[in-house]
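Chemist: Submitted below is the structure of interest, expressed as structure tokens.
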Amino acid sequence: MLSDKNHSDKHDLMNQSIENRKAVWSVIAQIPYGKVATYGQIATLAEIPGHARFVGHLLANLPEDSSLPWHRVVNSGGRITNPNSLAQAARLEDENVSCRDNRVSLKMHHWKL
DNA sequence: TGCCTGACTTACA
DNA sequence: CTGTAAGCCAGGC
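Under my numbering, think of the first position of the first sequence as 355, with each following residue one higher.
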């Protein structure tokens with residue numbers, strides 16, 4: 355039926371949205387200790403290329419008790435754009451990832467590439 | 001419904 | 001290196 359198809363489409367879109375979130379979280383969880391990844395690459399690895407901003411949105415709404423290594427995510431230039439850059443920089447330093455002026459060396463610490 | 005904003009990115013001046 | 005512009009997505013008002 356038509357109404358059923360319509361309902362089914364919405365259902366699929368919602369499920370896809372949920373799957374995308376799970377995919378992003380999964381990728382971030384795989385970033386190894388002492389390494390960092392960019393929002394864009396995370397989106398690509400999560401099979402949703404071009405959705406870097408979506409990744410940032412998820413991290414911004416991440417629960418505080420989350421076990422995800424959110425501090426290992428930086429922008430394409432290796433810069434920390436997290437509003438709470440202090441906490442992120444501190445966490446990275448704890449992993450021996452130098453980040454002066456909220457910037458890390460992707461050349462040295464980028465995961466893959 | 002439309003417009004603005006934000007933990008983005010790439011391209012170009 | 002700084003500023004603009006365009007593209008992308010979700011939320012808030």
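We put the beta carbon where it would ideally sit given N, CA and C, even for glycine.
Between E449 and the rest of its own chain, which residues show a CB-CB distance below 7 Å, the 5 nearest in sequence each way excluded?
Modeler: Result list for E449: Y387 and G388, in chain order.
Chemist: Between the C-alpha atoms of V451 and Q370, what's the straight-line distance to the nearest angstrom?
Modeler: 35 Å
Chemist: For V493, which three-state DSSP category applies?
Modeler: No information on residue 493 is available, as it lies outside the stretch 355 to 467 that the chain covers here.
Chemist: From Y393 to L367, what does the alpha carbon distance come to, in whole angstroms?
Modeler: 23 Å
Chemist: State buried or exposed for V458, treating a residue as buried only when at least 16 other CB atoms are found within 10 Å of its CB.
Modeler: buried
Chemist: Jot down the residue ranges of each uninterrupted beta strand (DSSP E) in the segment 369-433, minimum 3 residues, whole runs only, in chain order.
Modeler: none
Chemist: Evaluate the contact criterion for the segment 376-385 versus the segment 406-417: three or more CB pairs, one atom per stretch, below 8 Å.
Modeler: yes
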